[in-house]
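Below is one structure, written out as structure tokens; comments come after it.
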Amino acid sequence: MYPFSEGCFAVRNAWYVAAFSHEVTREPMERWFLDEPVVLFRTEAGTAVALAGRCPHRQYPMAAGRLEGDILVCGYHGIAFAADGRCTRIPTQDRVPAAFGLRAYPLVEKWKWLWIWTGDPDKADESLIPDHAAIGLRDAPGANGELSVPLSHNHVGGRYQLLHDNLLDLSHLAFLHSSSIGMEAIATTSDEVTSGDRWLRSARHVRDADSSPWIRARYGVAKVDFVIDFTFHMPALHVGLNRTSISADAAERAGEVIRDSIVYHAVTPARRHSAHYFFATTINAPATSEEAMAPIAAGIAKVIEEDIFATEEIERMIPADRPLRDLMTAGDVAVVKGRRMLESMMKAERG
Amino acid sequence: MYPFSEGCFAVRNAWYVAAFSHEVTREPMERWFLDEPVVLFRTEAGTAVALAGRCPHRQYPMAAGRLEGDILVCGYHGIAFAADGRCTRIPTQDRVPAAFGLRAYPLVEKWKWLWIWTGDPDKADESLIPDHAAIGLRDAPGANGELSVPLSHNHVGGRYQLLHDNLLDLSHLAFLHSSSIGMEAIATTSDEVTSGDRWLRSARHVRDADSSPWIRARYGVAKVDFVIDFTFHMPALHVGLNRTSISADAAERAGEVIRDSIVYHAVTPARRHSAHYFFATTINAPATSEEAMAPIAAGIAKVIEEDIFATEEIERMIPADRPLRDLMTAGDVAVVKGRRMLESMMKAERG
Amino acid sequence: MYPFSEGCFAVRNAWYVAAFSHEVTREPMERWFLDEPVVLFRTEAGTAVALAGRCPHRQYPMAAGRLEGDILVCGYHGIAFAADGRCTRIPTQDRVPAAFGLRAYPLVEKWKWLWIWTGDPDKADESLIPDHAAIGLRDAPGANGELSVPLSHNHVGGRYQLLHDNLLDLSHLAFLHSSSIGMEAIATTSDEVTSGDRWLRSARHVRDADSSPWIRARYGVAKVDFVIDFTFHMPALHVGLNRTSISADAAERAGEVIRDSIVYHAVTPARRHSAHYFFATTINAPATSEEAMAPIAAGIAKVIEEDIFATEEIERMIPADRPLRDLMTAGDVAVVKGRRMLESMMKAERG
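Protein chains in written order, with our numbering: chain A, 1 to 351; chain B, 1001 to 1351; chain C, 2001 to 2351.
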């Protein structure tokens, strides 16, 4: 499977973003993760729950069932399950065998989204979820107008690896996003790549460069210094710091920070050839508010659309029946390392 | 192939409903049975005919041809076939080789529908078609307003076994059809399952139970006795008796029959993952007429839609690349027996 | 693969029509040939170019890139290629390795269309393209109003072989096109089949026959002599002479030519189950002009639609998982010979 070895699909013993908090309600919702259907809903107390999405009796989708209190009742033959997946009732018989349960997925609500553990539940260690304070996800606005907001969930018609490849080679900003956030200098400035246990970082410091169309349009600044520093918390989340300052070489306001934000790209394998793509951001500067986010959100939506376009176009170009081999460039150090690390994780968990 | 063993698709030496009589006309129509295309039409004398749906010359669909009298002429190169499938003309040559025929399917018109034999023609024994008088299909209305009517043909996007599973476990009425014909008590009353040569019967006698939403709305009766007694005439037709009476424990009109009908569910494999679903009914009581059928038909259409929804949803949940295993309940005695009997029939005919 | 042996798809060392000249512009366009994506565009000097359609870096479609002068820049990471396919720039590195090129396809513009060579470039011999003067394709109108015009490009949802089969058995005119150009006598008049190196010819001389609906409607002539003489220049182009004269047995104007035209059917494999179908014509008589072509073009479009309908219908009838075997008629001498010759060419080039 491009670009992994045969048999490698996705890391299972891992936390992935399953949904934004507001998406999961008392109305059961189906979503696929790692090629398995899952039903998501909230208990009366508001706790989010993730259970296997097929009834074990006749494979009917559990999301087509209904909640009676915290009991999810299959809409086909009425077999009922508690929020922990245990079967509580089989209408046609008195006894409820233990085998008749739905797999319950560990699910953790943090900040404004939900993390699902797709592997062996005994190995579900919450400390493996990226530390939300450390990555700048704020539960409440900061004193200086710092604000973290969920922006979009997209269901993308391409395999998840393509989204990681996209995020690990940011030289694409200069071309795919040339009409918005792109700067030619991002492609020509090489990135410093470092890595550790389940993380991979690519950082660029662009000096005295032509600003992007957006910076020019919004702030009227032509020459900037730009830091773009992305960490891939494997296998699920990319956290990117972006800081734009007026060039240190400028005649006026040299070095002044004009924009400082963090972006969060969560990528979750859905089916073999599709993925969930969650996007959130923290605006540290300039100060903003929920109300003022609309134009920023609209601008970002266009960028995300371009990334989705690229992903779906490449998916379309990959033959079903034979491998392709990407040629690598100097901009692909992180891509190559990322693919290898993911593949190692997959192989390790297969033992 | 869920839920059968590898290699088992469908019983071939069998009669299946191909169409309602009114669907087959002088306009050739294509319909697939057991993964083969068939063309259906009527001769000038009105006899319905079923021939292989591909021209043996260049595989062009025969239903795109035209009738000249009783001769079906291929629309591509004009090769012509009689109603018995024999080739009568090849425009480019004088001689017509015997090999150049269309397979003719035995086709029997009974009541208001057509039965096709999909297997070895030499084994096509009409006595294997369920006895229509015995199952209550009336050619003409009865003295007391008994009436048999064809109601719907649907092309369902799910494998035919799912429709049989549906019909062999009627506990689903309590849930999938809870807003119409469903009664909770149907699920909690166990069925008596009996079987014989090519038939399988599941009967429930529900006593003094809350009536279904429809019975309540139409007849204003709260407590009923209910008999639901389905026989699967394998492999093609389910015949179900449904009799609703005012509860024998009621203060007034105890035991009075308020509704007595028979339903006919004919299931015919179309492609590997689709099926034809024919529905007809005999209303024995209360007296009705063709004109009065409209609201009944509309109500039934909603129930059928729910069954089709369940079938197509489960089809969507079945992985293409690995088997699933259903967990069985006490309500599945007939399902298990039905699957086994069908599989035995398939294996027997493979010798 | 119906109707060829397993493993045979298409002749690769060959010229195929890729596009009409007017279709290829400064806007890069994607088109698939022999199951590979190709990008087509023109240089500033107007030369048409065909390069591999996937960027070797990350498989992004080159047609989604943009031209900077004659340099095609990938829209994803900015990797740039000259019109000969050589990589001229990789933004993230200084060195451009030789391996980093796009395959360049030999492309020849002749008359008003473009021929692409899909095989080994070293074997691309222009003399293998049918001689355009010899087949009657005129670059300019003739003194007597002779005119060659490109008419249509269609992307057909069926394997290319079906289009060749169609063109090699013209007895189909009598049936598939019975309401337009069809004459019953075409099917009953046997064709003389001759062949040579990479060509196959089927010619019919129809004498004193009922004219086609079109001839009757346009010229009011009931009995005609008709010559239809098609040569398949393998593997890509069918050239057909069609001459209709008033029957030599007619009382008046006996033998007068009322219509004399040449048709060009270029068939190019696109994907495994789709093909490009280009159609052009030369009207030799009666004299015509570009302006007067509209009704002729509309009439021909209907005929082409019928051929596409047949092709797509047959594609739909071919099972994915097992072979079918066509039964041949006396009208299939050219079909059988054509299939064999194509298959021999495929086998020869596999060595």
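Even for Gly, the Cβ is constructed at its ideal location relative to N, Cα and C.
Remember, predicted model here, so these are calculated numbers, not experimental data.
Can you tell me where the beta strand (DSSP E) with residue i in it begins and where it stops?
{"i": "Pro295(A)", "result": "Here Pro295(A) belongs to no beta strand (DSSP E); instead the alpha helix (DSSP H) covers 293-317."}
{"i": "Arg2216(C)", "result": "Note, Arg2216(C): premise wrong, no beta strand (DSSP E); alpha helix (DSSP H) at 2213-2219."}
{"i": "Tyr2(A)", "result": "Tyr2(A) -> no beta strand (DSSP E), and no H or E assigned at all."}
{"i": "Tyr2277(C)", "result": "2275-2285"}
{"i": "Phe2232(C)", "result": "2223-2233"}
{"i": "Ser152(A)", "result": "147-156"}
{"i": "Met2029(C)", "result": "2029-2033"}
{"i": "Val2263(C)", "result": "2257-2269"}
{"i": "Tyr16(A)", "result": "15-20"}
{"i": "Leu1241(B)", "result": "1237-1246"}
{"i": "Asp197(A)", "result": "Element bounds for Asp197(A): n/a, residue is neither H nor E."}
{"i": "Cys1087(B)", "result": "1087-1089"}
{"i": "Arg1042(B)", "result": "1036-1042"}
{"i": "Glu1068(B)", "result": "1066-1068"}
{"i": "Val49(A)", "result": "48-52"}
{"i": "Val11(A)", "result": "No beta strand (DSSP E) holds Val11(A); DSSP gives it neither H nor E."}
{"i": "Val73(A)", "result": "71-73"}
State the start and end residues of the unbroken alpha helix (DSSP H) segment that holds residue i.
{"i": "Ala348(A)", "result": "333-350"}
{"i": "His2164(C)", "result": "2160-2168"}
{"i": "Glu184(A)", "result": "184-188"}
Whole-angstrom Cβ separation of residue i and residue j, contact assumed at under 8 Å?
{"i": "Glu2146(C)", "j": "Arg2138(C)", "result": "6 Å"}
{"i": "Thr1281(B)", "j": "Val1263(B)", "result": "5 Å"}
{"i": "Ile2079(C)", "j": "His2057(C)", "result": "5 Å"}
{"i": "Phe20(A)", "j": "Lys112(A)", "result": "6 Å"}
{"i": "Asp1393(B)", "j": "Gln59(A)", "result": "Since the first residue shown for chain B is 1001 and the last is 1351, residue 1393(B) is missing from the structure and cannot be characterised."}
{"i": "Tyr1105(B)", "j": "Ala1050(B)", "result": "4 Å"}
{"i": "Ser247(A)", "j": "Ala254(A)", "result": "7 Å"}
{"i": "Leu107(A)", "j": "Ala18(A)", "result": "7 Å"}
{"i": "Ile2116(C)", "j": "Tyr2016(C)", "result": "6 Å"}
{"i": "Ala187(A)", "j": "Ala174(A)", "result": "4 Å"}
{"i": "Thr1092(B)", "j": "Ser2171(C)", "result": "5 Å"}
{"i": "Phe1279(B)", "j": "Leu1151(B)", "result": "5 Å"}
Mind listing the chain B neighbours of residue i? Cutoff is C-beta to C-beta under 8 Å, in chain order.
{"i": "Ile2318(C)", "result": "Gln1059"}
Find the residues of chain C that neighbour residue i, judging by a C-beta separation of less than 9 Å, and give them in chain order.
{"i": "Gly1331(B)", "result": "Neighbours of Gly1331(B) on chain C: none; closest Cβ ~36 Å, over 9 Å."}
Identify the contact partners of residue i in chain C, using a Cβ-Cβ distance below 7 Å as the criterion.
{"i": "His172(A)", "result": "Tyr2076, His2077"}
{"i": "Phe1100(B)", "result": "Leu2327"}
{"i": "Pro176(A)", "result": "The amino acid at residue 176(A) is misidentified as Pro; the sequence shows Leu. Gly2075, Tyr2076, listed in chain order."}
Residues of chain B with CB closer than 7 Å to the CB of residue i, please, in chain order.
{"i": "Ala222(A)", "result": "By Cβ distance, chain B contributes nothing, its closest Cβ being about 54 Å from Ala222(A), past 7 Å."}
Counting only Cβ pairs nearer than 8 Å, list the residues of chain A close to residue i.
{"i": "Ala1298(B)", "result": "By Cβ distance, chain A contributes nothing, its closest Cβ being about 22 Å from Ala1298(B), past 8 Å."}
{"i": "Ala2010(C)", "result": "In chain order: nothing, as chain A lies at least about 16 Å away."}
So which residues on chain A does residue i lean against when the C-beta distance must stay under 7 Å?
{"i": "Ala2270(C)", "result": "Ordered by position in chain A, no residue passes the 7 Å Cβ test against Ala2270(C), which lies about 14 Å from the chain."}
{"i": "Leu1324(B)", "result": "Gln59"}
Run down chain B in chain order and give the residues with a C-beta less than 9 Å from the C-beta of residue i.
{"i": "Thr2188(C)", "result": "Pro1091, Thr1092"}
{"i": "Ala379(A)", "result": "Any question about residue 379(A) goes unanswered here, given that chain A covers just 1 to 351."}
Mind listing which residues of the region 1078-1094 of chain B have their C-beta closer than 8 Å to chain A's C-betas, in chain order?
none
At a Cβ cut of 8 Å, what residues of the region 2036-2061 of chain C count as close to chain A, listed as they run along the chain?
Pro2037, Gly2053, Arg2054, Pro2056, His2057, Arg2058, Gln2059, Tyr2060, Pro2061
Tell me which residues of the region 274-293 of chain A have at least one Cβ-Cβ distance to chain B shorter than 9 Å, keeping chain order.
none
If the cut-off is 7 Å on Cβ atoms, which residues from the region 192-210 of chain A count as contacting chain C, listed in chain order?
none
At what residue ranges does the region 2097-2141 of chain C contain a whole run of the beta strand (DSSP E), taking only runs of 3 or more?
2107-2110, 2113-2117
Got a sec: which bits of the region 151-169 of chain A sit with their beta carbon under 9 Å from any beta carbon on chain C, in order along the chain?
Leu162, Asp165, Asn166, Asp169
Which residues, in order along the region 1136-1150 of chain B, keep a beta-carbon less than 8 Å from a beta-carbon of chain A?
none
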